[in-house]
Amino acid sequence: MARIPKAPYTYTKHEPCILCGSIESLLGITMTISEVMDILDREAVDLKPTHRAVLQAIRVKPYKVPVESDPGETVVVVAEYRGAVLYWSDIEEGWEFEPLSPQGAISQRGSNQYLLAHVMHQVFGPGEQV
Numbered sequence: 002m003a004r005i006p007k008a009p010y011t012y013t014k015h016e017p018c019i020l021c022g023s024i025e026s027l028l029g030i031t032m033t034i035s036e037v038m039d040i041l042d043r044e045a046v047d048l049k050p051t052h053r054a055v056l057q058a059i060r061v062k063p064y065k066v067p068v069e070s071d072p073g074e075t076v077v078v079v080a081e082y083r084g085a086v087l088y089w090s091d092i093e094e095g096w097e098f099e100p101l102s103p104q105g106a107i108s109q110r111g112s113n114q115y116l117l118a119h120v121m122h123q124v125f126g127p128g129e130q131v
C-alpha cells in the first residue's frame, strides 16, 4: 500500500507516488542496470547464507528484456535458473521470478513488490534445505 505523504508534497526516488506507487513510473523514468545492481547487492546482504550462495551461483551479467504485455516496458534480469529469470521491475519496485517466452521476453510482468528474500524463499524454499 502506498504511503500518503504529508504536505508539502515532495517526492524522492524512494518515496512512492500516491497514485501509482512510483514517481519514476509516473514520469516514465527507468532505472539503470547499475542502480538495479546496487539494490541487488544491498538486499543480498539480508539473505540466508544458503540463498546467498544460490544467488551467487545463478547470477548472470545483468541485461534488460522486454515485457510482451506492455510494449516499451523492460525489466532487468540478474539471474537465470531452469529457464526462468530473476528480474527487477522498476514499475513495481520489486523482484519477480518468471520464465522467459520463446522470444526472450517476460510475457507479463508480475504486479508484486517482493523483496529479494521473498523471491528466493518462494523459488528455493526456506533456505536450510537449498
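First residue of the sequence shown? That's 2 in my numbering, and the numbers climb one at a time after it.
Don't be surprised by glycine CBs; every beta carbon is placed ideally from N, CA and C.
The region 47-61 and the region 110-128 touch, with three or more beta-carbon pairs separated by less than 8 Å. Assignment of Arg-60 by DSSP, reduced to helix, strand and coil, places it in the strand class.
Beta-bridge pairing by DSSP links Ala-80 to Arg-60, Leu-87.
In this structure, the beta-carbon distance from Val-76 to Val-66 falls below 8 Å.
Secondary-structure assignment with DSSP links Thr-51 through no beta bridge to anything. Cβ-Cβ distances below 8 Å link Asp-42 to nothing in the same chain once the five nearest sequence neighbours on each side are left out. Minimum Cα-Cα distance from Val-78 among the listed residues Ser-70, Asp-71, Met-32 corresponds to Met-32. For Glu-99, the uninterrupted beta strand (DSSP E) run begins and ends at 95-100, by DSSP.
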